[in-house]
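A short write-up of the structure that comes next.
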Amino acid sequence: MIMGLLTPTSGRVKVLGADMPHQRYRVLHRMNFESPYVEMPMRLTIRQNLTVFGMLYGVRNVAKRIEELGETLDLSQLLDRPTGKLSAGQKTRVSLASHNMSEVERLCQRVIIMKQGRIEDDDTPARLLSRYGRRTLEEVFLDVARGREDAREAAQ
Amino acid sequence: VSAASESALAFSPRRVAAMMLRYWYLLRSSWPRLIELIYWPTVQMITWGFIQYYVMQNAGFFARAGGTLIGAVLLWDILFRGQLGFSVSFLEEMWARNIGNLMMSPLRPIEFVSALMIMSIVRLAIGVVPVTLLALLFFGFNLYALGFALVAFFINLMLTSWAVGIFVSGLVLRNGLGAENLAWSIMFLFMPLTCVYYPVTTLPTWLQPAAWALPPTYVFEGMRALLIGHAFRADLMLHALALNAIFLAGGICGFLLLLQAARRHGALMQTGE
């Protein structure tokens, strides 16, 4: 519903001020979604996939950007390999908006953790770590997922 | 709304180019797919070419009607392969489970459909152009000698193939790959009614209005008028064009309604069977 793939039966979803899914084209170029259940097309190489999606999202200098990302995420050796031939670990690295929490910690300024359709927490990675008294976002995520609210209370 | 947001709202040739690039990469990555494009048109043309050769030797009428069977086969292939070229590019997204990725990207449905239309012409060119050259080499039938008439036939057949392709894609989007067979078979529903190999007058009188409601019927009648009577029937082409406008509008409306229904029912997230 947040990405506009599903029309809500009731209620409204607003993203960056746009009503989803009716005004989705105002904001879709600023959003993306990554999960272990969504894969990139298997038969294209990683470079080809990134080129196509880069163009769809209006990325400038796509070829240069792919090279930069290849170096940042240590993917340069894999760029010309078909996506379907990657190991599970390599696929995870390929995902630009990764669900890998250490990358979230490194790349994101704001993290929203949801549970059963409701926002459980919303803050910067540093403040989340401090609030839960944890060293990694994986641990914070597990605290929320397993309902260990006491971790947050104890830390506070 | 920022300037970037406004530009994302407009039709983007770059996004259309991105999708064409994707299909080009797919075609390039698989030689069996390239062979498949040319295989059936060649087999069909050779079979019908020999049949025509045989009946020309045994029937005075067909001797005068030189090329009508091969002409019909080649024009039928434009119609059938045009629709298939559109639908298979779409099905590639379903097979790759990529529809969800595309539908949550800034790609607009009209850009997606535009890319599929252009790719249907590319796939058709790869499949049918070599076959028209073989028809010239083996049977002395020069499709290109039809000149302007060929352009009129081609435009009308492509418009019909897109209208059907768009509608079928909507059905697959809404109903999943369980509806995939429609993409391969729906055009054969048109075959007897559009009178590919025989004049409309061959049909029972009560069925003829149904035949005249389909744009390709006018093209195949026009082809026979040209090859047998040596007359280009512009009136038939204009009728076909008007009907195609209705078919195309219907196909696009159907696609958008089915896309909306797919969004309501969560079908975009479950694109399997």
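For the protein sequence lines, the chains are A and B, in the order given. With the first letter of the first sequence counted as 1, position 103 gets the number 103 in my numbering; the numbers rise by one all the way through. If you want my numbering, it's the position in the second sequence, counting the first as 1, plus 1000. Even glycine gets a Cβ: it sits at the ideal position worked out from N, Cα and C. Remember, predicted model here, so these are calculated numbers, not experimental data.
The beta carbon of L5 of chain A falls within 9 Å of a beta carbon belonging to chain B, placing the residue at that interface. The beta-bridge partner set that DSSP reports for T45 of chain A consists of A:P82. Counting only Cβ-Cβ distances below 9 Å, G1100 of chain B has contacts in chain A at M3, L5, F33 and V38, in chain order. Closer than 9 Å to the CB of Q116 of chain A there is not a single CB belonging to chain B. Not flagged as an interface residue toward chain B: F141 of chain A, since no C-beta distance is shorter than 9 Å. At the C-beta level, M1045 of chain B and A1135 of chain B come within 9 Å of one another. Chain-ordered listing is empty here: chain A has no CB closer than 8 Å to the CB of A1115 of chain B, the nearest sitting near 11 Å. When Cβ-Cβ separations below 9 Å define contact, G1266 of chain B makes contact with chain A. Excluding the 5 residues flanking it on each side, T45 of chain A has same chain C-beta neighbours closer than 8 Å at L79, D80, R81, P82 and T83, in chain order. At a C-beta separation below 9 Å, R1081 of chain B has no neighbours in chain A, since its nearest C-beta there lies roughly 22 Å away.
Each of A:L6, A:V27, A:K14 and A:I113 was checked against the Cα of E139 of chain A, and the nearest Cα belongs to A:I113.
Listed as beta-bridge partners of R65 of chain A by DSSP are no residues whatsoever. Within the stretch 1008-1034 of chain B, the residues whose Cβ lies closer than 9 Å to any Cβ of chain A are, in chain order, A1008, L1009, S1012, R1014, R1015, A1017, A1018, M1019, L1021, R1022, Y1025, L1026, S1029 and S1030.
Per DSSP, reduced to three states, the secondary structure at R118 of chain A is strand. Below the 7 Å Cβ cutoff, chain B contributes A1018, L1021 and R1022 as neighbours of V52 of chain A, in chain order. With its beta carbon less than 9 Å from one in chain B, G58 of chain A belongs to the interface. Going by DSSP, A1234 of chain B is part of no beta strand (DSSP E) but of the alpha helix (DSSP H) stretching over A1234 to H1265. Counting only Cβ-Cβ distances below 7 Å, P41 of chain A has contacts in chain B at A1096 and N1098, in chain order.
Counting C-beta atoms within 10 angstroms of its own C-beta, Y132 of chain A has 16 or more neighbours from the protein chains shown and is therefore classed as buried.
In this structure, R1263 of chain B places its C-beta atom within 9 Å of the C-beta atom of L5 of chain A. Across the set B:W1040, B:R1108, B:S1185 and B:R1014, the C-alpha of B:S1185 shows the shortest separation from the C-alpha of S1161 of chain B.
Each residue's CA atom was taken as its position, placing T1132 of chain B and N1181 of chain B some 28 Å apart.
In this model, T1042 of chain B and Q1270 of chain B are separated by some 37 Å (Cα to Cα). Residues of chain A with a Cβ closer than 8 Å to the Cβ of R1263 of chain B are, in chain order, G4, L5, L6, T7 and P21.
Against chain A, a Cβ distance below 7 Å from S1087 of chain B picks out nothing, because the smallest value is about 18 Å. Annotated three-state conformation of V1131 of chain B is helix, per DSSP.
In terms of Cβ geometry, F1255 of chain B and I1166 of chain B form a close pair [threshold 9 Å]. For L28 of chain A, a Cβ of chain B is located within less than 9 Å of the residue's own Cβ. If only uninterrupted beta strand (DSSP E) runs of at least 3 residues are considered, none is enclosed by the stretch 1130-1184 of chain B. For D143 of chain A, the enclosing alpha helix (DSSP H) covers residues L137 to A145. B:L1075 is the residue among B:P1130, B:L1075 and B:L1259 whose C-alpha sits nearest the C-alpha of P1215 of chain B. The beta carbon of L79 of chain A does not come within 9 Å of any beta carbon belonging to chain B, so the residue lies off that interface.
M1269 of chain B belongs to the set of residues whose beta carbon lies under 9 Å from a beta carbon in chain A. About 26 Å separates the CB atoms of N1175 of chain B and N1244 of chain B; that is not less than 8 Å, and the two are not in contact. The three-state reading of DSSP puts D1077 of chain B in helix, counting H, G and I together. Restricting attention to B:Q1083, B:F1080, B:I1070 and B:L1150, the CA atom closest to the CA of L1137 of chain B is found in B:I1070.
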